[in-house]
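Structure record follows, encoded as structure tokens.
Numbering (the working numbering), first residue to last: 283 to 880.
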């Protein structure tokens with residue numbers, strides 16, 4: 283069973299997100315559906331040939347230090363080389379740069395195929411692409427020549443180095459220091475932790491994008507700058523030069539996501555470590571957020587891709603695993619039935635489908651907003667898309683991270699005892715997905731961001747824009763037979779989100795009281811957004827069925843079933859959370875933590 287399905291990506295890209303509208307924009311005029319479908323098919327072929335086979339190998343054979351070098355299974359390098367050779371490191375780059383010049387929405391569709399196939403190996407490549415995109419946006423011409431070009435060619439790989447042992451997510455407390463040199467470079471000293479891809483032999487060089495504070499900088503996040511810190515200094519001809527004194531302090535051993543190195547790195551511990559400033563001093567966090575926001579949507583996409591892989595495997599298992607008999611036919615002489623016939627298993631499968639395909643739709647829709655914000659020919663459309671993207675980014679990261687992880691847990695449940703063993707892939711999907719609620723800003727941080735900043739930005743204009751989009755979908759659904767009830771449910775749910783948001787913001791005079799339940803607020807808000815996306819999926823499926831679906835009929839009817847299930851079982855849970863949120867409660871704030879001691 284393949285862990286991905288290109289038909290799902292096509293449906294979400296074209297029928298739901300409407301990404302084919304970008305083919306009318308001058309930058310993407312060289313594209314059409316056939317061309318992008320060809321790219322997706324090529325990605326699927328490479329993923330199936332080079333990424334899927336070593337998914338379990340890279341989990342079992344974790345990175346280790348051998349004679350001073352990090353050793354990885356050889357299949358990792360082979361997969362990375364196949365990916366680079368096929369041009370996927372440059373899917374968004376211009377044609378004049380040798381890239382495919384795809385919209386970000388299409389590029390994310392490609393990424394989902396690789397993420398579902400082997401998340402750890404794909405992470406080496408995704409990090410490099412994201413670091414390259416940051417340099418393309420904020421680096422100097424010389425930095426692009428020296429570092430970006432070989433990254434696009436796959437000769438250099440990239441990382442982002444933010445966290446430190448004592449600071450964690452509190453970047454205001456980082457201690458890595460940059461001291462100016464006479465030649466325009468900086469001498470860096472400090473330690474960074476949780477650096478994925480921080481050490482390996484997959485590329486000629488590793489380009490670390492490092493947050494540090496220049497001596498004398500303002501306190502807090504206002505004093506953070508961003509530096510290019512290569513593993514090896516780069517000669518004028520572009521070749522790797524002398525060692526730059528970036529040292530591997532330790533490999534970290536994770537519950538999942540084991541195939542990519544997770545590292546503690548020391549800068550300047552045994553000699554000068556040189557870094558080169560990106561952009562202006564003290565603007566580093568702003569530049570890094572270019573990469574972090576891209577990464578946050580990518581995290582949501584990867585969570586959904588892992589859930590989708592687990593869902594496909596457990597669905598196939600449930601269709602073929604014979605066990606038990608129907609509750610209304612317990613004669614032991616009758617044949618056993620597939621466990622997919624049992625109602626409880628169907629609940630498990632439908633919830634997986636709702637979470638996985640809802641998460642994929644959310645990530646790809648956000649990617650389409652990103653494209654609108656960059657290339658739409660109307661200033662208002664661009665501005666509105668940017669506002670919607672800002673509002674939805676914390677949801678796009680955190681909702682799939684939470685509910686698609688739950689989806690993987692449900693896949694284990696479908697397989698029963700077999701699912702709990704390492705002989706089947708569903709337990710690895712769960713372990714790999716467990717990282718996603720933690721990294722690129724924990725889900726709790728995303729809740730604080732959503733309620734503390736995003737919903738009130740621009741006097742609430744982003745929230746109003748979202749409500750307008752939801753209202754348009756509601757109006758369409760009210761005109762389709764069989765959709766009227768769901769349309770009314772979504773209309774009421776949207777109004778409830780606005781009401782709850784307003785009541786919580788009224789507590790702004792006591793920020794702790796306003797924000798203490800922000801994670802639950804995000805979960806509620808996210809469920810309503812995903813309900814909107816499911817109604818859009820169902821409407822698209824209904825249109826296709828009315829037009830004559832042919833061999834796609836079963837697939838499209840599955841969309842209708844999942845949408846009805848989400849509205850019957852999931853959306854009401856969000857509304858229950860809304861009822862709880864509007865009642866002030868200080869239990870968490872007034873907790874006697876010493877009283878928690880057993």
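Glycine included, every Cβ here is placed at the ideal spot set by N, Cα and C.
Beta bridge counterpart(s) of residue i as assigned by DSSP
i	result
residue 535	According to DSSP, residue 535 bridges with nothing at all.
residue 835	DSSP, once it has assigned bridges, lists no residue as partnering residue 835.
residue 587	Note: residue 587 sits in no beta bridge, so no partner.
residue 558	510
residue 442	491
residue 545	477, 533
residue 351	348
residue 604	620
residue 460	470, 496
Same chain only: Cβ atoms within 6 angstroms of residue i, ignoring 5 sequence neighbours per side
i	result
residue 757	none
residue 713	537, 538
residue 581	679, 718, 722
residue 402	340, 539, 541, 542
Counted within 10 angstroms of its Cβ, other Cβ atoms place residue i as buried (16 or more) or exposed
i	result
residue 851	exposed
residue 612	exposed
residue 679	buried
residue 741	exposed
residue 788	exposed
residue 763	exposed
residue 552	exposed
residue 862	exposed
residue 374	buried
residue 372	buried
residue 875	exposed
residue 508	buried
residue 495	buried
residue 848	buried
residue 673	buried
residue 275	Here the chain has residues from 283 to 880 only, and residue 275 is not among them.
residue 635	buried
residue 524	exposed
residue 390	buried
residue 828	exposed
residue 511	buried
Beta-carbon contacts of residue i that lie in its chain and below 7 angstroms, excluding the five residues immediately before and after
i	result
residue 486	437, 438, 522
residue 860	778, 782, 806
residue 341	540, 541, 710
residue 747	666, 669, 670
residue 654	663, 664, 667
residue 841	819, 820, 823
residue 569	416, 420, 508, 560, 561
residue 766	760
Euclidean distance between Cα positions of residue i and residue j
i	j	result
residue 617	residue 284	29 angstroms
residue 516	residue 457	26 angstroms
residue 626	residue 601	14 angstroms
residue 492	residue 444	6 angstroms
residue 410	residue 684	26 angstroms
residue 665	residue 506	28 angstroms
residue 682	residue 587	10 angstroms
residue 576	residue 450	20 angstroms
residue 543	residue 607	47 angstroms
residue 826	residue 605	36 angstroms
residue 441	residue 513	11 angstroms
residue 590	residue 835	20 angstroms
residue 620	residue 603	5 angstroms
residue 694	residue 315	36 angstroms
residue 632	residue 289	19 angstroms
residue 347	residue 477	16 angstroms
residue 661	residue 558	35 angstroms
residue 534	residue 329	27 angstroms
residue 675	residue 482	31 angstroms
residue 623	residue 864	41 angstroms
residue 677	residue 519	44 angstroms
Sequence-distant residues of the same chain with beta carbon closer than 8 angstroms to residue i, five excluded per side
i	result
residue 643	294, 298, 299, 812, 815, 816, 818, 819
residue 447	473, 475, 546
residue 463	469, 556
Any C-beta of chain D under 9 angstroms from that of residue i
i	result
residue 513	The structure shown contains no chain D; it is built from a single protein chain.
Start-end ranges of the beta strand (DSSP E) lying completely within the segment 501 to 529, minimum 3 residues: 506 to 512, 514 to 516, 522 to 525
Whole runs of the alpha helix (DSSP H) within the segment 388 to 431, excluding any shorter than 4 residues: 401 to 420
Residue ranges of each beta strand (DSSP E) within the segment 749 to 828, 3 or longer: none
4-residue-minimum alpha helix (DSSP H) runs that sit fully inside the segment 668 to 738, ordered along the chain: 708 to 715, 725 to 731
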